[in-house]
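Notes to accompany the following structure.
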Amino acid sequence: MAWNEIYRLVKRIPRGRVTTYGEIARALRVRGGARVVGYAMAGCPNGQGIPWHRVVGAGGRLIIREPYGSLQRRMLGGEGVDIPGTRINYKRYGWSPSRKAPTKKKPRRH
DNA sequence: CATCTGACGACCG
DNA sequence: GCGGTCGCCAGAT
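Just so you know, the first sequence maps onto residues 19 to 128 in the numbering used here.
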């Protein structure tokens, strides 16, 4: 499991929606689960258009600490995501990958 | 090699 | 709903 796959999936998150570390871990079958996904996000390169702020904890909880925590809030708010407290309405803004990471392989045409 | 830590998550009291 | 514990794995020391 390369972190590249994780970043690629994160890039597919629609604007104004969010997903969780766990969802990503399950969709990509990441060994180590959500923890490693979070680890990957923590080291995600900047300036590559990776919407890391759209990745939240299970149930839509905001878990990133300062200084990125407030930044994430601001970014999501700018996309129209309402954040009452320390939590996002995941039922409303949640987005499920529901598909594995786009493989570079040629699509098998049967 | 031993330990600790962390942008997680499920459980439990 | 909140805080503590444990399992998980990759890096750092």
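Ideal placement from N, C-alpha and C gives every residue a C-beta, glycine not left out.
Inset, instruction - Classify G112 as helix, strand or coil using the three-state DSSP reduction. - result: strand
Legend entry - DSSP-derived helix/strand/coil call for V48: coil
Inset, instruction - Using beta-carbon positions only, say whether Y25 and A58 come within less than 9 Å of one another. - result: yes
Inset, instruction - Report the residue from Y108, S116, R33 and K109 whose alpha carbon sits nearest the alpha carbon of G67. - result: R33
Legend entry - Counterpart residues of T37 in DSSP-defined beta bridges: V73
Inset, instruction - Look up R92 in the DSSP assignment and give the residues it is bridged to. - result: According to DSSP, R92 bridges with nothing at all.
Legend entry - Range covered by the alpha helix (DSSP H) that runs through K29: W21 to K29
Legend entry - Member of V54, V36 and R35 whose CA lies at the smallest distance from the CA of E23: V54
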